[in-house]
Amino acid sequence: MSMEWEELIPRPSSRFLRVRCRTCESEQIVFSHTTHIINCRTCGETLAEPTGGKAKINGPVIAVLG
Ligand SMILES: [Zn+2]
13 MSMEWEELIP RPSSRFLRVR CRTCESEQIV FSHTTHIINC RTCGETLAEP TGGKAKINGP
73 VIAVLG
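Residues 13 to 78 in our numbering are what the sequence shown lists, from first letter to last.
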C-alpha cells in the first residue's frame, strides 16, 4: 500500500462499520459519524450515539467497510 493511494481518500476517518450488538449478538452496519442514535434492529440496544464528530460505538466493531 502506497502513501499516494491513502491521500486520495478525502475523509479517512469516515467509515461504515459492522458492529455486533452486545446484548443479542446480531450485526448491523452503522456510519462512523452518524448524527442520530442507531438502535439494534433486533433488541433495541443503542449501538451508536452521535458526539458531533466520530460516533460513540457501543459494541465491538467486526469489520470496517470503507
Ligand atoms: Zn441487539
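Ideal placement from N, C-alpha and C gives every residue a C-beta, glycine not left out. Predicted model, so just to flag it, every value in this text is computed and none were measured.
Could you spell out where the beta strand (DSSP E) holding THR58 opens and where it closes? 58-61
Looking only at C-alpha atoms, which of SER38, GLY65, GLY64, ILE74 sits nearest to ARG53? SER38
Across which residues does DSSP place ARG30 in a beta bridge pair? ILE41, ALA75
Would you tell me roughly how many angstroms separate the C-alpha atoms of VAL42 and CYS36, rounded to the nearest one? 16 Å
By Cβ distance below 6 Å, which residues in the same chain neighbour ARG32 in space, the five residues on each side in sequence not counted? GLU39, GLY71, PRO72, ILE74
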